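Taking it in order: structure first as structure tokens, then the write-up.
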Amino acid sequence: MTLFDILPSLAGGVLIGLAAAGLLYFNGRIAGVSDILEGLFDGDAGARAQRLLFLLGLVAGAGLYELAGGTAPVARAGFPPWLLVVGGGLVGVGTSLARGCTSGHGVCGMARFSRRSFVAVGVFLSVAIGTTWVVRHVWGIA
Amino acid sequence: MRASIALSCGLVFGLGLALAGMTSPQKVLAFLDVAGDWDPALLLVLGGAVATAAIAFRFVLRRPRPVFDARFHLSDARRIDAPLVVGSTLFGIGWGIAGYCPGPAVALLAAPGNPELPLFLGGMLAGIAACAVSRRRAGRAGERIGDG
């Protein structure tokens with residue numbers, strides 16, 4: 219891994235941390251994407267609008283990166299479509315039950331030193347590593 | 801004011817995700833695949849984000865309230881319960897299969913031609929909706945506290 223690989227990863231991480239800090243400082247809200255998605259249909263109109271705007275901003279930020287010459291994510295050839303649907307369903311149900319994902323528990327929760335978040339991250343990270351191993355090296359799907 | 805803050809924080813968040821390569825499932829899976837050609841990038845991204853947020857949150861949470869709201873909307877849940885562990889397990893399986901977590905799945909809307917978008921995002925939204933509906937039916941909706 220060269221400096222060329224390290225710098226964008228670290229800088230991207232710092233930007234994510236700053237965005238989470240800004241949202242808490244100004245609006246008193248946690249930048250957790252799964253919770254924000256679920257909250258789109260819940261609560262008063264003002265809170266719902268804030269959530270929608272955060273998500274629009276997220277898409278715009280990724281789009282801005284692509285406009286500036288960054289590469290857009292590309293689809294995998296030969297990855298079974300049904301597996302993407304099942305993966306999406308599991309991510310949706312799982313993050314909803316656990317009340318948080320990589321951003322809510324991973325970034326914000328750990329930054330608040332929440333014990334629940336440390337447990338969540340430990341579980342989903344180790345289960346994801348095990349699952350990727352099975353999918354790639356046992357089933358041979360990549 | 802709250803609206804423009806939400807929009808700009810989302811924008812910086814999305815820019816950070818994309819810059820770090822975390823919008824690409826291949827890059828995420830290259831981290832999760834410890835038995836393959838391992839790429840530690842995700843660790844640097846998460847470390848950078850948590851360190852930045854942890855330092856900032858210390859100062860932010862010393863304030864009596866946020867700048868544009870009457871109070872901080874934080875979860876006060878403490879218990880390590882079954883939904884937390886079971887939910888995180890299911891999330892880990894889905895993440896390990898597909899390489900998308902919720903943030904990057906939403907960011908995929910910036911690449912609308914990508915055929916993986918409707919499949920994953922559709923599945924994910926259906927999963928979230930199913931949980932939200934069953935929670936509401938069980939009467940445990942309560943107030944949203946922004947736990948995650």
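Taken in order, these protein sequences are the chains called A and B. Per this note's numbering, the first sequence runs over residues 219 to 360. Per this note's numbering, the second sequence runs over residues 801 to 948. All C-beta atoms in this analysis are idealised placements derived from N, C-alpha and C, irrespective of residue type, glycine included. Only a predicted model underlies this, so the values are computations on that prediction, with no experimental measurement involved.
Can you check whether the C-beta of residue 347 of chain A is within less than 7 Å of a C-beta belonging to chain B?
On the first sequence, residue 347 of chain A is found 129 positions in, with the first residue counted as 1. Answer yes: the Cβ-Cβ gap between residue 347 of chain A and chain B drops below 7 Å somewhere.
Quick check on residue 833 of chain B: buried or exposed, where buried means 16 or more other Cβ atoms within 10 Å of its Cβ?
Residue 833 of chain B sits at position 33 when you count from the first residue of the second sequence. So residue 833 of chain B ends up on the buried side.
Using a Cβ cut-off of 7 Å, which residues of the stretch 921-939 of chain B contact any Cβ in chain A, in chain order?
Result list: 921, 922, 923, 924, 925, 926, 927, 928, 930, 931 and 932.
Whether or not the stretch 331-338 of chain A and the stretch 876-884 of chain B are in contact is what I'm after, with contact meaning three or more pairs of Cβ atoms, one per stretch, closer than 8 Å; do they touch?
Yes, since at least three Cβ pairs between the stretch 876-884 of chain B and the stretch 331-338 of chain A fall closer than 8 Å, the two stretches touch.
Return the residue from the list B/826, B/847 and B/937 that minimises the CA-CA distance to residue 837 of chain B.
On the second sequence, residue 837 of chain B is found 37 positions in, with the first residue counted as 1. Looking at the Cα atoms, B/826 is the closest of the given residues.
Alpha carbon to alpha carbon, what distance is there between residue 898 of chain B and residue 301 of chain A?
Residue 301 of chain A sits at position 83 when you count from the first residue of the first sequence. Residue 898 of chain B sits at position 98 when you count from the first residue of the second sequence. In a straight line, the C-alpha of residue 301 of chain A is about 7 Å away from that of residue 898 of chain B.
Within the same chain, show all residues whose beta-carbon is closer than 6 Å to that of residue 247 of chain A, passing over the 5 residues directly before and after it, in chain order.
Sequence index remark: in the first sequence, residue 247 of chain A carries index 29 (1-based). Only 241 meet the Cβ criterion.
Quick check: what's the CA-CA separation for residue 231 of chain A versus residue 817 of chain B?
As a working mapping, residue 231 of chain A is identified with position 13 in the first sequence. As a working mapping, residue 817 of chain B is identified with position 17 in the second sequence. Taking the straight line from one Cα to the other gives about 7 Å.
Please go through the stretch 842-905 of chain B and give each complete beta strand (DSSP E) segment of 3 or more residues, from N-terminal end onward.
The stretch 842-905 of chain B contains no whole beta strand (DSSP E) run of 3 or more residues.
So with Cβ pairs under 7 Å, would you call residue 864 of chain B a contact of chain A?
The residue given as residue 864 of chain B occupies position 64 in the second sequence. It does not: the Cβ of residue 864 of chain B has no partner Cβ on chain A nearer than 7 Å.
Excluding five sequence neighbours on each side, which residues of the same chain lie with their C-beta closer than 6 Å to the C-beta of residue 900 of chain B?
Position 100 of the second sequence, counting from 1, holds the residue named residue 900 of chain B. Excluding positions up to five away in sequence, the list reads 825 and 920.
At least one CB of chain B closer than 7 Å to the CB of residue 358 of chain A: is that the case?
Within the first sequence, residue 358 of chain A is the residue found at index 140, counting from 1. It does not; no Cβ of chain B falls within 7 Å.
Rounded to the nearest angstrom, what separates residue 225 of chain A and residue 842 of chain B at their Cα positions?
The count along the first sequence starts at 1 and reaches residue 225 of chain A at position 7. The count along the second sequence starts at 1 and reaches residue 842 of chain B at position 42. C-alpha separation (whole angstroms): 12 Å.
State the CB to CB distance for the pair residue 368 of chain A and residue 238 of chain A, rounded to an integer number of angstroms; the pair is presumed to be in contact (CB under 8 Å).
There is simply no residue 368 of chain A to check, as chain A begins at 219 and stops at 360 in what is shown.
Give a yes or no on whether 7 Å exceeds the smallest Cβ distance from residue 252 of chain A to chain B.
The residue given as residue 252 of chain A occupies position 34 in the first sequence. With 7 Å as the cut-off, residue 252 of chain A counts as an interface residue toward chain B.
Should residue 854 of chain B be flagged as near chain A, meaning a C-beta pair shorter than 7 Å?
Looking up residue 854 of chain B in the second sequence gives position 54. For residue 854 of chain B, the answer is yes, since a Cβ of chain A falls inside 7 Å of its Cβ.
Report yes if the C-beta distance between residue 244 of chain A and residue 831 of chain B is below 7 Å; otherwise report no.
In the first sequence, residue 244 of chain A corresponds to position 26, counting from 1. In the second sequence, residue 831 of chain B corresponds to position 31, counting from 1. Result no, Cβ atoms of residue 244 of chain A and residue 831 of chain B do not sit closer than 7 Å.
Are three or more beta carbon pairs between the stretch 287-298 of chain A and the stretch 927-939 of chain B nearer than 8 Å?
Verdict: no, contact absent.
So if I threshold CB-CB distances at 9 Å, which residues from the stretch 251-277 of chain A count as touching chain B?
Listed by position, the residues of the stretch 251-277 of chain A near chain B (Cβ gap below 9 Å) are 251, 252, 253, 254, 255, 256, 257, 259, 260, 261, 264, 265, 267, 268, 269, 270, 271, 272, 273, 274, 275, 276 and 277.
Where does residue 351 of chain A sit, in a helix, a strand or coil, going by DSSP?
Numbered from 1 along the first sequence, position 133 holds the residue referred to as residue 351 of chain A. In this structure, residue 351 of chain A counts as helix in the three-state DSSP scheme.
From residue 223 of chain A to residue 291 of chain A, what does the alpha carbon distance come to, in whole angstroms?
Against the first sequence, residue 223 of chain A aligns to sequence position 5. Against the first sequence, residue 291 of chain A aligns to sequence position 73. Their backbone Cα atoms lie some 17 Å apart in a straight line.
Are the CB atoms of residue 806 of chain B and residue 272 of chain A within a distance shorter than 7 Å?
Walking along the first sequence from the start, residue 272 of chain A turns up at place 54. Walking along the second sequence from the start, residue 806 of chain B turns up at place 6. Yes. Within cutoff.
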